[in-house]
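K.L.:
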Amino acid sequence: IDSQPPNAKGFPVVLLTYNRPERLNTTLGSLLKVRGIVKEKVLGVQDGTIESVTNVLRYRRVLINKRIETPMDRKRVTLKNGKIDGGAKIAMHYGYSLRKAFETFPDAPAIVVIEDDFLFSPDFMEFF
2 IDSQPPNAKG FPVVLLTYNR PERLNTTLGS LLKVRGIVKE KVLGVQDGTI
52 ESVTNVLRYR RVLINKRIET PMDRKRVTLK NGKIDGGAKI AMHYGYSLRK
102 AFETFPDAPA IVVIEDDFLF SPDFMEFF
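Residues in the sequence shown are numbered consecutively from 2, following the numbering used here.
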(Lines of atoms letter the chains of each structure in order from A and count residues from 1; the text may use other names and numbers.)
(Lines give C-alpha, C1' and ligand atoms only; values in the text may rest on other atoms or scores of the structure.)
Protein backbone atom coordinates (compact mmCIF):
# COMPACT_ATOMS: atom_id res chain seq x y z
CA ILE A 1 0.00 0.00 0.00
CA ASP A 2 1.30 3.43 -0.96
CA SER A 3 1.52 5.62 2.15
CA GLN A 4 1.97 8.90 0.27
CA PRO A 5 -0.87 11.42 0.54
CA PRO A 6 -3.10 12.01 -2.50
CA ASN A 7 -1.28 13.84 -5.30
CA ALA A 8 1.98 13.75 -3.32
CA LYS A 9 3.82 14.29 -6.58
CA GLY A 10 1.95 17.58 -6.86
CA PHE A 11 0.91 17.24 -10.47
CA PRO A 12 -0.50 20.50 -11.78
CA VAL A 13 -3.85 20.52 -13.55
CA VAL A 14 -4.51 22.36 -16.80
CA LEU A 15 -8.18 23.07 -17.44
CA LEU A 16 -9.17 23.80 -21.04
CA THR A 17 -12.16 26.08 -21.39
CA TYR A 18 -13.98 28.09 -24.02
CA ASN A 19 -17.52 29.45 -23.66
CA ARG A 20 -19.41 27.53 -20.98
CA PRO A 21 -19.14 29.56 -17.77
CA GLU A 22 -21.86 27.63 -15.92
CA ARG A 23 -20.27 24.26 -16.64
CA LEU A 24 -16.84 25.67 -15.88
CA ASN A 25 -18.03 26.85 -12.47
CA THR A 26 -19.50 23.41 -11.72
CA THR A 27 -16.30 21.69 -12.89
CA LEU A 28 -14.08 23.93 -10.76
CA GLY A 29 -16.35 23.44 -7.75
CA SER A 30 -16.02 19.68 -8.17
CA LEU A 31 -12.27 19.80 -8.86
CA LEU A 32 -11.47 21.96 -5.84
CA LYS A 33 -13.10 19.34 -3.57
CA VAL A 34 -10.72 16.62 -4.77
CA ARG A 35 -8.21 15.47 -2.17
CA GLY A 36 -4.73 16.74 -3.02
CA ILE A 37 -5.76 19.58 -5.35
CA VAL A 38 -3.89 22.82 -4.76
CA LYS A 39 -5.52 25.93 -6.29
CA GLU A 40 -2.12 27.40 -7.09
CA LYS A 41 -1.45 24.42 -9.34
CA VAL A 42 -4.65 24.74 -11.39
CA LEU A 43 -4.21 26.62 -14.67
CA GLY A 44 -7.33 27.57 -16.59
CA VAL A 45 -6.51 28.07 -20.26
CA GLN A 46 -9.27 29.98 -21.96
CA ASP A 47 -9.67 29.77 -25.71
CA GLY A 48 -10.60 33.39 -26.30
CA THR A 49 -11.55 36.36 -24.15
CA ILE A 50 -15.14 35.71 -23.07
CA GLU A 51 -15.51 37.78 -19.92
CA SER A 52 -18.01 35.49 -18.17
CA VAL A 53 -15.49 32.61 -18.41
CA THR A 54 -12.68 34.82 -17.11
CA ASN A 55 -14.91 35.88 -14.21
CA VAL A 56 -15.47 32.25 -13.17
CA LEU A 57 -11.72 31.55 -13.23
CA ARG A 58 -11.10 34.68 -11.14
CA TYR A 59 -13.90 33.83 -8.71
CA ARG A 60 -12.44 30.35 -8.17
CA ARG A 61 -8.96 31.93 -7.77
CA VAL A 62 -7.08 29.69 -10.18
CA LEU A 63 -4.32 30.74 -12.55
CA ILE A 64 -5.56 32.12 -15.87
CA ASN A 65 -4.09 32.14 -19.36
CA LYS A 66 -5.92 33.18 -22.52
CA ARG A 67 -5.25 31.94 -26.02
CA ILE A 68 -6.00 34.73 -28.47
CA GLU A 69 -6.61 33.59 -32.04
CA THR A 70 -4.35 35.27 -34.58
CA PRO A 71 -5.01 35.72 -38.30
CA MET A 72 -2.44 32.96 -38.94
CA ASP A 73 -4.37 30.65 -36.59
CA ARG A 74 -7.56 31.40 -38.51
CA LYS A 75 -5.82 30.57 -41.78
CA ARG A 76 -4.55 27.25 -40.39
CA VAL A 77 -8.03 26.07 -39.38
CA THR A 78 -9.98 27.31 -42.41
CA LEU A 79 -10.72 24.67 -45.03
CA LYS A 80 -10.70 25.37 -48.77
CA ASN A 81 -14.50 25.62 -48.74
CA GLY A 82 -14.29 28.38 -46.10
CA LYS A 83 -15.55 26.28 -43.20
CA ILE A 84 -13.65 25.97 -39.94
CA ASP A 85 -11.92 22.65 -39.22
CA GLY A 86 -13.12 22.08 -35.66
CA GLY A 87 -10.62 19.29 -35.04
CA ALA A 88 -7.70 21.50 -36.03
CA LYS A 89 -8.98 24.32 -33.84
CA ILE A 90 -9.25 22.00 -30.82
CA ALA A 91 -5.77 20.58 -31.51
CA MET A 92 -4.34 24.12 -31.54
CA HIS A 93 -5.98 24.85 -28.18
CA TYR A 94 -4.60 21.62 -26.68
CA GLY A 95 -1.10 22.31 -28.01
CA TYR A 96 -1.13 25.87 -26.70
CA SER A 97 -2.49 24.74 -23.31
CA LEU A 98 0.18 22.08 -22.84
CA ARG A 99 2.95 24.52 -23.76
CA LYS A 100 1.62 27.09 -21.29
CA ALA A 101 1.21 24.46 -18.57
CA PHE A 102 4.83 23.30 -18.85
CA GLU A 103 6.02 26.92 -19.01
CA THR A 104 4.00 27.74 -15.89
CA PHE A 105 5.10 24.58 -14.03
CA PRO A 106 8.57 23.85 -15.47
CA ASP A 107 9.52 21.36 -12.76
CA ALA A 108 6.36 19.27 -13.11
CA PRO A 109 7.06 15.68 -14.19
CA ALA A 110 3.55 15.52 -15.67
CA ILE A 111 0.43 17.60 -16.19
CA VAL A 112 -3.15 16.42 -15.67
CA VAL A 113 -5.37 17.71 -18.51
CA ILE A 114 -9.09 18.23 -17.99
CA GLU A 115 -11.90 20.05 -19.77
CA ASP A 116 -14.58 22.41 -18.54
CA ASP A 117 -17.38 19.85 -18.39
CA PHE A 118 -15.88 17.23 -16.06
CA LEU A 119 -17.10 16.15 -12.63
CA PHE A 120 -14.73 14.44 -10.21
CA SER A 121 -14.77 11.90 -7.43
CA PRO A 122 -12.89 12.98 -4.29
CA ASP A 123 -10.14 10.42 -5.04
CA PHE A 124 -9.50 11.53 -8.64
CA MET A 125 -5.90 12.62 -8.06
CA GLU A 126 -5.04 9.38 -6.27
CA PHE A 127 -4.85 7.69 -9.68
CA PHE A 128 -1.84 9.78 -10.71
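Glycine included, C-beta positions come from ideal geometry on N, C-alpha and C.
Treat the numbers as computed from the prediction; the structure is a model and nothing was measured.
Run through the DSSP bridge pairs and tell me what N66 is partnered with.
P.N.:
Taking the first residue of the sequence shown as position 1, residue 66 is located at position 65. V46.
K.L.:
Do G45 and T18 have their C-beta atoms within less than 8 Å of each other?
P.N.:
Walking along the sequence shown from the start, residue 45 turns up at place 44. Walking along the sequence shown from the start, residue 18 turns up at place 17. Cβ distance < 8 Å, so G45 and T18 count as in contact.
K.L.:
Please go through the same chain and pick out, in chain order, the residues whose beta-carbon is closer than 6 Å to the beta-carbon of L58, but skip the five residues on each side of it.
P.N.:
Along the sequence shown, read from residue 1 onward, the residue named residue 58 stands at position 57. Cβ neighbours of L58 beyond the five flanking positions: G45 and I65.
K.L.:
Under the three-state reduction of DSSP, which class applies to L25: helix, strand or coil?
P.N.:
Residue 25 sits at position 24 when you count from the first residue of the sequence shown. Note: L25 maps to helix in three-state DSSP.
K.L.:
Just verifying my parser: in three-state terms, what is the DSSP assignment at P7?
P.N.:
The residue labelled residue 7 in the question sits at position 6 within the sequence shown. Any reading at P7 must be qualified, since the residue scores a pLDDT of 47, below 50, and its modelled position is unreliable; the value itself is stated next. Residue state, collapsed to three classes: coil.
K.L.:
Tell me whether I112 sits in a helix, a strand or coil according to DSSP, three-state version.
P.N.:
On the sequence shown, residue 112 is found 111 positions in, with the first residue counted as 1. Coil, per DSSP.
K.L.:
Throw me the rounded Cβ distance for the E127 and R36 pair, which I believe falls under 8 Å.
P.N.:
For this step, residue 127 is matched to residue 126 along the sequence shown. For this step, residue 36 is matched to residue 35 along the sequence shown. Yes, they are in contact, since the Cβ atoms of E127 and R36 sit about 7 Å apart, within 8 Å.
K.L.:
Go through its chain and collect everything with a Cβ distance to L120's Cβ below 6 Å, but skip five positions before and after it.
P.N.:
For this step, residue 120 is matched to residue 119 along the sequence shown. Counting only Cβ-Cβ distances below 6 Å, and skipping sequence neighbours, we find S31.
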